[in-house]
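Going by this note's numbering, the final residue of the sequence shown carries number 736, and the count climbs one at a time with no gaps.
Ideal Cβ positions, reconstructed from N, Cα and C, are used throughout, including at glycine.
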Amino acid sequence: MTQQMLADRLRRSKSWVDKVERGVRTLDRYSVIQELAHVLRVDPEVLLGRPRSTPAGTPDGVDDIRAALARYDTPQAPNQTTEELRRQVGYAWLTYQHAHYAQLVRVLPGLIDDAQGAQSAELLVQAYRITSSLLVKLGEADLGWLAADRAMAVAGDDRVLAATAAVSVGQALRASGRDRLALAATAAAANRVTPAPQRPAGEWAVCGTLLLQAALAAAGCGDTRRAEELTDRAAGIAAQLRGYDDSHRTSFGPIAVDLARVLIAALRGEAAEAVQRHVTVIRREAWRRLPAEYRGAYLVDAARAYLQIGDLRGAARALVDADSVAPAEVRCRPLARSVIAEVARGHPAPAGVARLATLVGLTR
């Protein structure tokens, strides 16, 4: 196809095509990229020179997880020793924290079966927590709540195990729009687990995480004063923690409190303040040390804050950064897909979101 032929089909000048080919003119509009790809009969991502590396869409296998949760028969003895199972649970946590969700979907049914057969409440609670967290990511909040509730039941009278399970309960309830229930559950759990000074730092981290979950739920209910009070309590705990062993997988610390303040500002309608805080907090070294899943999920929420103030380019930048950090956060989550769709509808839509829109099937 000659430049003139391409120009004619695009209803543009030959000079315009020549400048695009030589890089003198930048393709910075989503609609133009889509139109050009249509004329050339290629996928828009080909024009952007970025091949697909992570599959888009909800990974297959959620029904297998549902079936594993639905089994009420007496479990058989696990196929591995307790120590081997502990390593498997640790591997599942790492897979989750690296946002390898498609891989985790395949692993969880067998892990749930083995954990149910083992005589270890700790490992079964962890297996249920991982399952709940993943299901919430994939838009299965009610099923995630079921897994979290199972974790609570298994934890029984163990104060710390019950507190870690309550974190998952709060996340699942918030994801399903039940903020008041999430607030009640997490605030009560935080009060029950408030540790004495001599207790391990990991227990303080669990308490701080519950307080942040409660604060986010309070903000979702419109209770600004309660949200600030709970966040300040969490900040007080975070200020006392220094280099603890995060055995409960909370990623809690001062940076987690700062990120929560961004999200709470957005929830109470102060998007400009949220964006201002966001720009500051992601420059810190502690931000880069957070798990990929944590950063990716936060960046999707930050994109929503940018949308609240009408900054499409800021929203697109946050989404592209999220895809760079944790591709599955953007490509597998229904929530991220809705944010991408909203950015892509802008006129003109930022070019950076074109590839993401294509990857999640919004341009086909």
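Per DSSP, reduced to three states, the secondary structure at Pro481 is helical.
Just so you know, the alpha carbons of Leu480 and Val404 end up roughly 43 Å apart. Within the same chain, and ignoring the five residues on either side of Ser619 in sequence, the residues whose Cβ sits closer than 6 Å to its Cβ are Gly574. Relative to the Cα of Val629, the nearest Cα in the group Val672, Cys579, Ala675, Glu665 belongs to Cys579. Annotation: Thr558 to Leu584 spans about 9 Å, alpha carbon to alpha carbon. The C-beta distance from Leu684 to Ala721 rounds to 7 Å, short enough to fall under 8 Å. Using a 10 angstroms sphere on the CB of Gln460, the tally of other CB atoms reaches 16 or more, which defines it as buried.
By the beta-carbon neighbour count (other beta carbons within 10 angstroms, threshold 16), Pro663 is buried.
A straight-line Cα-Cα distance of about 31 Å links Val526 and Ile627.
A contact between stretches requires three or more CB pairs, one per stretch, nearer than 8 Å, and the region 648-655 fails this requirement with the region 603-610.
Under a 10 Å Cβ-count criterion, Ser505 is classified as buried, with 16 or more other Cβ atoms of the shown protein chains found around its own Cβ.
A direct Cα-to-Cα measurement between Leu495 and Ala464 gives close to 11 Å. For Met524, the uninterrupted alpha helix (DSSP H) segment begins and ends at 513-527. Cβ neighbours of Ala694 within its own chain (closer than 6 Å, five residues either side excluded): Gly668, Leu671, Val672, Glu701, Val702. Annotated three-state conformation of Pro722 is strand, per DSSP. Between the C-alpha atoms of Gly395 and Val411 there is a straight-line separation of about 19 Å. Distance between Arg458 and Ile636, taken at the CA atoms: about 36 Å. Taking all protein chains shown into account, Lys391 has fewer than 16 neighbouring C-beta atoms within 10 Å of its C-beta and is therefore exposed. Of the residues Ile502, Arg478, Thr398, the one whose Cα lies closest to the Cα of Pro431 is Arg478.
Assigned with DSSP and collapsed to three states, Met373 falls in coil, not helix or strand. When the five nearest sequence neighbours on each side are left out, the beta carbons in the same chain lying within less than 6 Å of the beta carbon of Ala474 are those of Pro431, in order along the chain. Listed in chain order, the beta strand (DSSP E) elements of length 3 or more contained wholly in the region 624-663 amount to none. DSSP places Pro699 inside the alpha helix (DSSP H), whose first and last residues are 699-703.
Between the alpha carbons of Arg661 and Ala690 lies a distance of about 18 Å. Rounded to the nearest whole angstrom, the CA to CA distance from Ser696 to Gly686 is 15 Å. The beta carbon of Ile681 is closer than 7 Å to those of Ala643, Ala644, Val647 in its chain, skipping five residues each way along the sequence. Shown here, Gly395 sits in coil according to DSSP, grouped into three states, outside any helix or strand. Contact check for Leu399 against Leu382 fails: the beta carbons are separated by 9 Å or more. Rounded to whole angstroms, the Cβ separation of Leu510 and Ala499 is 17 Å, and the two are not in contact under 8 Å.
In this structure Arg531 does not touch Arg571 by the C-beta definition: roughly 10 Å separates them, more than the 8 Å allowed. Short of 7 Å from the beta carbon of Val434, and not among the five residues preceding or following it, lie these beta carbons of its own chain, in chain order: Val477, Leu510, Glu512.
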